[in-house]
Amino acid sequence: MPLDPDLLHEQLRRALIRFVGSTVPRQRSPAVLHLGTPGSAHLTFEQQPAYDSGLWADVIERALDGLDLDRSTPVPWVTRTGELSPGDHDFGWFAAVREGFGRHGLDLPGFFVMNQHGWFDLTTDTEPTLCRVRRRKRRALSA
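So this note's numbering is basically just the index in the sequence shown, starting at one, shifted up by 33.
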């Protein structure tokens, strides 16, 4: 089932807002792989240095086993700090996700890498999508 590009863009934007709201400014946070619906229900996997792409492919395959693939196409995306350009870990996760989707006979809808400023799709040559997300200031509770 092909994804509507406008809907996917809005879902990724919601996921970006959640990511920015959950990170501490100027602090490195671990890279996390997400699988499901951006900005909504999804599974998360924190980076494990001891895992190689083969083991990650097994993890992705089992995660896909538990999702209702008839209702919606799961979207893979990574949230991380750093530059908005591909890195070695992004390519490792991309290989594992592509293998996991292939084992299920699923078309990969994209592989999105997201930082605080936007995202890019590792499966295309398109320019990164930049979004300005402002942090909400927390209000002090009055007594």
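Positions of the beta carbon are idealized from the N, C-alpha and C atoms, including for glycine. What you are looking at is a predicted structure, and each value in this text was computed from that prediction instead of being measured.
Taking the alpha helix (DSSP H) that residue i belongs to, which residues open and close that run?
i    : result
G135 : 121-136
Taking only three categories from DSSP, how would you classify residue i?
i    : result
L40  : helix
G54  : helix
L102 : coil
L117 : coil
L139 : coil
A48  : helix
Going by DSSP, what residue range makes up the beta strand (DSSP E) through residue i?
i   : result
L88 : Counting along the chain, L88 falls outside any beta strand (DSSP E), though it belongs to the alpha helix (DSSP H) covering 86-98.
H67 : 65-69
F78 : 75-79
Of the choices the options, whose alpha-carbon is the least far from that of residue i?
i    : options               : result
H150 : D123, G120, C164, D91 : C164
A90  : E160, T159, G133      : G133
F144 : F124, D101, V53, V92  : F124
T114 : H122, P107, V108      : H122
L76  : D85, E94, S62         : E94
Look up residue i in the DSSP assignment and give the residues it is bridged to.
i    : result
P109 : L68
T162 : W152
F145 : W110, D154
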